[in-house]
Amino acid sequence: MSFRIVVLAKQVPDTRNVGKDAMKADGTVNRSALPAIFNPEDLHALEQALRIKDRKDDVEIIILTMGPPRAAEIIREAMYRGADSGYLITDRKFAGSDTLATSYAISLAVKKLQPHLVIAGRQAIDGDTAQVGPQVAEKLNIPQVTYCEEVLEINQDELIIKRRLERGVEVVKGKTPLLITVHSSAPACRPRHAKLLMKFKHARTVSELQEETKDYTEMMTNKPYLRIEEWSVADLDADVQYLGLSGSPTKVKKIENVVLARKDSVELTPSDKDIDFLMKELIDSHVIG
Amino acid sequence: MNNIFVYCEIEDGHVAEVSLELLTKGRKLANEIDRKLEAIVIGHNLKGIEKQIFPYGVDVIHMADNSRLYPYLTLPHTEIIVNLFKQEQPEIALFGATSVGRDLAPRVASSLKCGLTADCTSLVFGDHTENKTGKEYKNLLYQIRPAFGGNIIATIINPDTRPQMATVREGVMKKEIFNATYHGEIKQINVDTILNESLMAVEIIERHIEKQKVNIKNSQIIVSGGYGVGSKDNFDLLFELADLLGGEVGASRAAVDAGFVDHARQVGQTGITVRPKLYIACGISGAVQHTAGMNESAKIISINNDPKAPINQIADYVIIGNVEDIIPKMIKFYKQNSK
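Going down the list, the protein sequences come from chains A and B. Under the numbering used here, the first residue of the first sequence is numbered 1, with each subsequent residue one higher. Under the numbering used here, the first residue of the second sequence is numbered 290, with each subsequent residue one higher.
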């Protein structure tokens with residue numbers, strides 16, 4: 001029996017390059033205004049999966065992501081590095097999901113795939129919450145091991161994992177099915193492989209095929225591995241009340257932009273009046289508590 | 290019922306700093322809406338631990354003491370807390386944004402289907418009117434956090450689910466004893482009815498935890514001194530301000546070389562790179578080697594005798610004057626203005 005790994009990945013806006021139009025009026029992110037990248041720690045997660053495949057026979061790596069149709073880009077990127085196939089959860093009904101609603105949708109997809117192991121990055125750079133991994137594990141009712149730095153040993157039903165904690169390390173033994181999240185201190189992902197790039201460069205989702213001018217029919221029939229599966233709310237048999245804004249207990253009340261370009265310095269004197277002003281301003285702007 | 294709960298992390302018989310900071314915050318929040326403050330302690334050999342907790346104004350400690358509960362494991366701790374919350378229906382639940390808290394809180398929130406906000410930098414009460422329905426909410430917990438790589442500050446609310454859950458990083462909130470003789474009630478949780486084999490699916494084989502050291506890297510507020518601070522004694526002023534603001538003291542290489550503070554505090558290319566939300570540079574001229582390690586700080590204040598010091602170019606506020614005059618004034622006016 002093959003050993004199946006699902007790697008959870010997210011396409012994220014590159015928060016290192018945030019422009020003016022990044023936020024929409026409702027406080028959610030306008031992703032189209034930003035360059036989209038493979039979330040860095042999810043690449044570390046993929047590498048852990050690939051290392052398991054390097055040393056164990058008959059390992060299958062499936063990359064699973066949720067997002068708009070363009071998120072298929074990171075599925076291809078993962079295939080170029082060694083993932084065997086990919087699934088994209090995409091539906092307008094998912095828009096506005098917080099971590100809880102996201103975890104619900106992802107857990108339904110994982111259930112359909114029935115993996116032995118789920119590997120995810122610790123957190124995504126757009127939210128930095130580190131919540132989706134543990135929440136998917138909870139929804140699947142399987143144990144979790146967070147902050148993995150290295151999978152030390154792997155058997156069909158048991159893994160030994162080194163965890164990187166704030167002030168130390170821990171080595172734990174966990175039984176499959178298991179979800180692990182991978183820390184940024186784990187090894188970086190290997191680069192694209194030229195052969196795999198050639199093999200998967202035409203991998204497409206159904207939505208992407210509809211946009212193509214070229215006829216892919218024959219290629220898709222001959223090379224079924226080029227098909228990236230898309231799953232909608234209906235495909236996942238999801239209960240819409242747990243999805244999107246209605247399934248999200250957290251609401252964004254207010255967004256304030258942190259001004260990026262540094263303004264001219266405010267020049268102050270050591271007078272009581274000036275120092276009083278400064279401390280009030282720091283307290284009012286929540287810089288100090 | 291509907292009280293404020295804080296999960297207290299235990300390491301080697303000591304309650305973690307971040308938990309004490311959260312108890313301090315929790316006491317203030319509880320007073321504002323006239324509720325009790327309750328602490329959760331899960332571990333082993335917990336006898337006497339209450340002495341560390343009650344002085345922060347804790348009314349009830351829920352204690353789960355069992356050899357299988359220490360060191361921390363995700364599943365049993367989650368199970369105990371979920372059971373407790375179902376029973377007690379907390380209004381608010383706070384966790385440290387630590388390796389433990391960030392592993393535990395999301396799992397608890399998922400099980401209870403309630404909202405959780407990570408890494409809050411401020412927690413205050415506020416009202417809310419739902420646009421669509423016109424429904425009004427009083428005293429919701431505003432969970433304020435940076436998001437999107439620190440480019441925005443978001444205020445998050447959980448109007449309809451309870452508890453309102455949040456995690457907070459160490460050093461963000463202030464730690465303050467409420468009343469040294471405060472005494473509450475201890476409620477023992479019956480662990481035997483909760484623990485079962487399936488909760489022990491993950492087993493710890495090895496564990497190396499270092500004692501807490503100077504950790505300026507994760508500090509949100511850094512008061513940093515350069516050669517211009519002048520002496521070791523003047524550095525004491527920096528320590529006093531940092532303590533008060535819940536921050537740490539950093540230093541430039543020149544100050545370290547002069548022996549004012551030890552190397553563990555050095556910020557810059559050959560020291561540590563920091564990105565706090567506030568960096569107060571005292572008597573630091575701002576050589577590139579130093580600014581490389583701190584120029585991503587969200588706010589920078591420069592205190593310097595020299596109006597032409599390079600660091601003033603990247604500072605949001607520049608105060609021209611002597612460190613030993615200005616720091617005591619900052620301490621004084623902070624005390625006057627903070628709630």
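Virtual Cβ for every residue (Gly too), placed ideally from N, Cα, C.
(message) Does Thr146/A come out as helix, strand or coil in the three-state DSSP assignment?
(response) Three-state DSSP puts Thr146/A in a strand.
(request) Could you tell me whether any Cβ in chain A is nearer than 9 Å to the Cβ of Glu495/B? (result) By the rule that beta-carbons nearer than 9 Å mark a contact, Glu495/B touches chain A.
(message) Quick check: what's the CA-CA separation for Gly337/B versus Leu50/A?
(response) Distance between the alpha carbons of Gly337/B and Leu50/A is about 48 Å.
(message) Quick check: the Cα distance between Gly82/A and Leu405/B, rounded to an integer number of angstroms?
(response) So the two alpha carbons sit approximately 35 Å from each other.
(message) Can you tell me where the beta strand (DSSP E) holding Phe294/B begins and where it ends?
(response) Its beta strand (DSSP E) spans residues 293–297.
(request) Note down the Cα distance separating Ile350/B from Arg192/A, rounded to an integer number of angstroms. (result) Spanning the alpha carbons of Ile350/B and Arg192/A requires a straight line of approximately 54 Å.
(message) One question on the structure: do Ile106/A and Leu64/A come within less than 9 Å of each other, judged by their Cβ atoms?
(response) Yes.
(message) Check whether the region 560–575 of chain B and the region 506–516 of chain B are in contact - that is, three or more C-beta pairs closer than 8 Å.
(response) Using a C-beta cut-off of 8 Å, the region 560–575 of chain B makes contact with the region 506–516 of chain B, since at least three inter-stretch Cβ pairs fall below that distance.
(message) Using C-beta distances below 8 Å, list every residue in its chain close to Val491/B, excluding the 5 sequence neighbours before and after it, in chain order.
(response) Excluding sequence neighbours, Val491/B sits near Leu362, Thr363, Leu364.
(request) Determine the DSSP secondary structure at Glu281/A, reduced to helix, strand or coil. (result) Glu281/A falls in the helix class under three-state DSSP.
(message) At the level of alpha carbons, what is the spacing between Tyr296/B and Asp57/A?
(response) One C-alpha to the other measures close to 43 Å.
(message) At the 9 Å Cβ level, is Ala72/A part of the contact set with chain B, yes or no?
(response) For Ala72/A, not one C-beta of chain B is nearer than 9 Å to its own C-beta.
(request) Can you have a look at Ala469/B and say buried or exposed, based on whether 16 or more other CB atoms are within 10 angstroms of its CB? (result) Exposed: under 16 other Cβ atoms inside 10 Å.
(request) Could you tell me whether the Cβ atoms of Ile561/B and Gly535/B are closer together than 9 Å? (result) No, Cβ-Cβ distance for Ile561/B and Gly535/B is not below 9 Å.
(message) Quick check: the Cα distance between Lys421/B and Gln378/B, rounded to an integer number of angstroms?
(response) Near 27 Å, if we compare the C-alpha coordinates of Gln378/B and Lys421/B.
(message) With H, G and I counted as helix, E and B as strand and the rest as coil, what does DSSP make of Gly390/B?
(response) DSSP, read as helix, strand or coil, puts Gly390/B in helix.
(request) Take Ile441/B and list the residues in its own chain whose beta-carbon comes closer than 8 Å to its own, dropping the five residues that flank it on each side. (result) So the list reads Pro435, once near-sequence residues are dropped.
(request) Determine the extent of the beta strand (DSSP E) in which Tyr568/B is found, giving its start and end residues. (result) Looking at the DSSP string, the run of the beta strand (DSSP E) that includes Tyr568/B is 567–571.
(request) Could you check which residue in His497/B, Asn485/B, Lys375/B has the C-alpha nearest to that of Glu170/A? (result) A check of alpha carbon separations from Glu170/A across His497/B, Asn485/B, Lys375/B identifies His497/B as the nearest.
(message) Less than 9 Å between the C-beta atoms of Gln241/A and Thr181/A, yes or no?
(response) No. Outside cutoff.
(message) Any beta carbon of chain B sitting closer than 9 Å to that of Ala261/A?
(response) At Ala261/A the pLDDT is 40, less than 50, meaning the model places this residue with poor confidence; the figure from the coordinates comes in the next sentence. False, the Cβ-Cβ gap to chain B never drops below 9 Å.
(request) Starting from His497/B, follow its DSSP beta bridges and name the residues at the other end. (result) His497/B pairs with Val169/A.
(request) Whole angstroms is fine: what's the gap from Val607/B's alpha carbon to Ala78/A's? (result) Taking the Cα positions, Val607/B is about 48 Å away from Ala78/A.
(request) Tell me whether the beta-carbon of Ser103/A lies closer than 9 Å to the beta-carbon of Leu243/A. (result) No, the pair does not count as a contact, with Cβ atoms beyond the cut-off.
(request) Taking the CB atoms as reference points, tell me whether Ile475/B and Leu530/B lie closer together than 9 Å. (result) No.
(message) I'd like to confirm the pairing. Which residues does DSSP put opposite Asp354/B in its beta bridges?
(response) Note: Asp354/B is bridge-paired with Gly332/B in the DSSP secondary-structure output.
(message) To the nearest angstrom, how far is the alpha carbon of Met290/B from that of Pro344/B?
(response) Cα to Cα, the separation comes out at about 22 Å.
(message) Given this structure, state the Cα-to-Cα distance separating Lys521/B from Val550/B, to the nearest angstrom.
(response) Lys521/B and Val550/B have their C-alpha atoms roughly 7 Å apart.
(message) Quick check: what's the CA-CA separation for Ile277/B versus Leu527/B?
(response) In the structure as shown, chain B begins at 290 and stops at 628. Residue 277/B is therefore absent and cannot be evaluated.
(message) Can you find the residues in the same chain that come closer than 7 Å, C-beta to C-beta, to Thr309/B, ignoring five residues on each side of it along the sequence?
(response) Contrary to the premise, residue 309/B reads as Leu rather than Thr in this sequence. Here the set comprises Tyr345, Lys464.
(message) Please classify Met619/B as buried or exposed, where buried requires at least 16 other C-beta atoms within 10 Å of its C-beta.
(response) So Met619/B ends up on the buried side.
(message) My assumption, with CB atoms under 8 Å, is that Ser232/A sits in contact with Pro40/A. Please give the rounded CB distance.
(response) Not really, about 28 Å apart at Cβ, beyond 8 Å.
(request) Assuming Leu587/B contacts Leu567/B (C-beta within less than 8 Å), just tell me the rounded distance between them. (result) The question names Leu, but residue 587/B is Ala in the sequence shown. Rounded, the Cβ-Cβ distance is 7 Å, consistent with contact.
(message) Between Ser411/B and chain A, is any beta-carbon pair separated by less than 9 Å?
(response) Closer than 9 Å: yes.
(request) Would you give the residue range spanned by the alpha helix (DSSP H) that His44/A belongs to? (result) Under the DSSP assignment, His44/A falls in the alpha helix (DSSP H) whose first and last residues are 40–55.
(request) Could I get the ranges of all uninterrupted alpha helix (DSSP H) runs contained in the region 61–110 of chain A, with 4 residues as the minimum, in chain order? (result) Those alpha helix (DSSP H) runs which fall completely within the region 61–110 of chain A and span 4+ residues are 72–81.
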